[in-house]
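Protein chains in written order, with the working numbering: chain Z, 768 to 1046; chain Y, 1179 to 1363.
Each residue gets a CB set at the ideal place from its N, CA and C atoms; glycine is no exception.
Note that the structure is a prediction, hence the values are computed from the model and not measured.
Here the structure is laid out as structure tokens; the discussion comes afterwards.
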């Protein structure tokens, strides 16, 4: 059985935290460039250009894209033929987050729920483990900012409302969120599964390259229709009015219980930060 | 789009009188950063009639909690945070001389009323552009509540910080008017 030492995991997570927060993905850059062409509001166009400039400054000067460097969300796919040695995998990931946020001059934004006392090192991380075939270890670090996360929701709809009911819930969520999640946004939608699975489906959809449609034509059509409806709302860049409210809508769907229709909307600002490595 | 207006703090009535929603502003001078926790403390001081860590008169507060400064830089990423969380505190600060606020997102009716009544202004900065916004900050110094970490009050020296007027003294609200203009539903 292949073995991997946890110290490699810590180093990898540290580096991913820093890279994710300072290097905006090429997919988002391309989506922002397309958005400038689509946007009719002069203020909106100006904001989109400044977001591109922001990404360039962040990359060149190695400072975060946004001061809210997020909750460190980590997705781990462990090959079932891999043996992790030298300590706890969870502890190794946590240590990587701690070191990454310290060495990368990233903001520590995690606190006690009521006293609001900061934990001081941006831990704990939210870690999702998945066991997959093979002997590799894949780690995705996806820091999530508070502003857009606050606008996200999970709901359990009545099955009778069908696809139109789901679309209405998603569009209303975006409308009610207005300027708060820093538009232009990326809308992650999870349909089906259970209460918590819908949220995970939505969150995982944010990892897909921006603008890449679902491989399922039925879902891809829903994504396109949702994007068109959302971009008619007029919210625009930063909520100051315009055509480009969202850059893309990503939907993940799986079967649900005969009694249920769970839907989750996970809103992501343009800083759709995620970096990954395979060890 | 209107021309760009250059402003220097502290702001006076004449400065805010010429601002209308949608006006682009380049702000220079001294401003202070404060978020939720600092606002709570400032309001408690005013209510107890105690001295504030800085003079509010004509001042501008930036709703911002920066990332730590890398070596050789005054500040890390420094973009605005969502303003509505400061709405319960802002009217009292405005009544005590605060002239300007910088943040992102909509304000409550109470804040908008205070803006009209006491001649203040709310500027929108670009949320998510923390690296860009940091370029207009020349120096930063913690002046109160260092124990709050990113939420401490900082005295910032800024030069040509790019902003847009979102709420003016005439009752204008760019978040309402702008969206109305481009909605197609």
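Quiz item: Does the beta carbon of residue 880/Z come closer than 8 Å to any beta carbon on chain Y?
Solution: no
Quiz item: Where does residue 1295/Y land, buried or exposed, given buried means 16+ other C-beta within 10 angstroms?
Solution: exposed
Quiz item: So, is the C-beta of residue 1013/Z closer than 8 Å to a C-beta in chain Y?
Solution: no
Quiz item: Using 8 Å as the limit for Cβ to Cβ distance, is residue 1316/Y near chain Z?
Solution: no
Exercise. Please say whether residue 993/Z and residue 928/Z have beta carbons closer to each other than 8 Å?
Key: no
Quiz prompt | Residue-chain proximity (residue 1324/Y, chain Z), Cβ-Cβ < 8 Å | solution = no
Exercise. Alpha carbon to alpha carbon, how far is residue 828/Z from residue 1249/Y? Give it in angstroms, no decimals.
Key: 11 Å
Quiz prompt | Other residues of its chain near residue 853/Z: CB distance less than 7 Å, five sequence neighbours each side excluded | solution = 772, 773, 774
Practice problem: Out of 770/Z, 962/Z, 913/Z, point me to the one whose CA is closest to residue 1035/Z's CA. | Solution: 913/Z
Quiz item: Based on Cα-Cα distance, which residue from 931/Z, 976/Z, 949/Z lies nearest to residue 814/Z?
Solution: 949/Z
Quiz item: For residue 1189/Y, which of 1237/Y, 1217/Y, 1228/Y, 1321/Y has the nearest alpha-carbon?
Solution: 1237/Y
Quiz item: What's the gap between the Cα of residue 898/Z and the Cα of residue 848/Z?
Solution: 10 Å
Quiz item: Are residue 1336/Y and residue 1205/Y touching if we call contact CB-CB under 8 Å?
Solution: yes
Exercise. Just tell me which of 1270/Y, 1276/Y, 1239/Y has its CA closest to the CA of residue 1258/Y.
Key: 1239/Y
Quiz item: In angstroms, rounded to a whole number, what distance separates the CA positions of residue 1030/Z and residue 919/Z?
Solution: 11 Å
Exercise. Determine which residues of the region 998-1012 of chain Z have a Cβ less than 8 Å from any Cβ of chain Y, and write them out in chain order.
Key: 999, 1000, 1001, 1002, 1003, 1005, 1006, 1007, 1008, 1009, 1010
Self-check item: Under the three-state DSSP convention, the category residue 1020/Z falls into
Solution: strand
Quiz item: In terms of residue numbering, what span does the beta strand (DSSP E) encompassing residue 1310/Y cover?
Solution: Taken as a continuous stretch (DSSP letters only), residue 1310/Y belongs to no beta strand (DSSP E), being part of the alpha helix (DSSP H) at 1308-1312.
Quiz item: For residue 886/Z, which residues in chain Y fall below 8 Å Cβ to Cβ?
Solution: Within 8 Å Cβ-Cβ: nothing; residue 886/Z doesn't reach chain Y, min ~11 Å.
Quiz prompt | Which of helix, strand or coil DSSP assigns to residue 878/Z | solution = strand
Self-check item: Supposed close pair residue 1270/Y, residue 1234/Y - CB separation, criterion 8 Å
Solution: Not a contact, Cβ separation roughly 10 Å.
Quiz item: Once you ignore the five residues that flank residue 903/Z on each side, which residues in its own chain have a CB closer than 6 Å to its CB?
Solution: 846, 1045
Self-check item: For residue 1354/Y, the three-state DSSP class (helix, strand or coil)
Solution: helix
Practice problem: Per DSSP, which residues does residue 922/Z bridge with? Please list them. | Solution: 1030/Z
Self-check item: Residues that residue 1266/Y contacts on chain Z, provided the C-beta gap is smaller than 9 Å
Solution: Correct list: empty, because the minimum Cβ distance to chain Z is about 16 Å.
Quiz prompt | Beta carbon of residue 1352/Y nearer than 8 Å to that of residue 1302/Y | solution = yes
Quiz item: Would you say residue 980/Z reaches chain Y, if we count a Cβ-Cβ gap shorter than 8 Å as a contact?
Solution: no
Quiz item: Where residue 1315/Y and residue 1039/Z are concerned, what is the direct C-alpha to C-alpha distance, given to the nearest angstrom?
Solution: 25 Å
Quiz item: Shortest alpha-carbon distance to residue 795/Z belongs to which of 1023/Z, 884/Z, 1002/Z, 974/Z?
Solution: 974/Z
Self-check item: Reference residue 1291/Y; option with closest CA among 1346/Y, 1209/Y, 1211/Y, 1362/Y
Solution: 1346/Y
Practice problem: Pull up the CB-CB distance for residue 1041/Z and residue 972/Z, whole angstroms please, since I reckon it's below 8 Å. | Solution: Going by Cβ atoms, the distance from residue 1041/Z to residue 972/Z rounds to 12 Å, so no, they are not a contact pair.
Quiz item: By the 10 Å Cβ neighbour count, where 16 or more other Cβ atoms means buried, how is residue 968/Z classified, buried or exposed?
Solution: buried
Exercise. Would you check whether the ligand FMN has a heavy atom nearer than 7 Å to the C-beta of residue 787/Z?
Key: Summarising the ligand content, the structure contains no ligands, and the ligand FMN is consequently not present.
Practice problem: Could you tell me whether the Cβ of residue 1328/Y comes closer than 8 Å to any Cβ of chain Z? | Solution: yes
Practice problem: Could you spell out the range, first to last residue, of the beta strand (DSSP E) harbouring residue 910/Z? | Solution: 904-911
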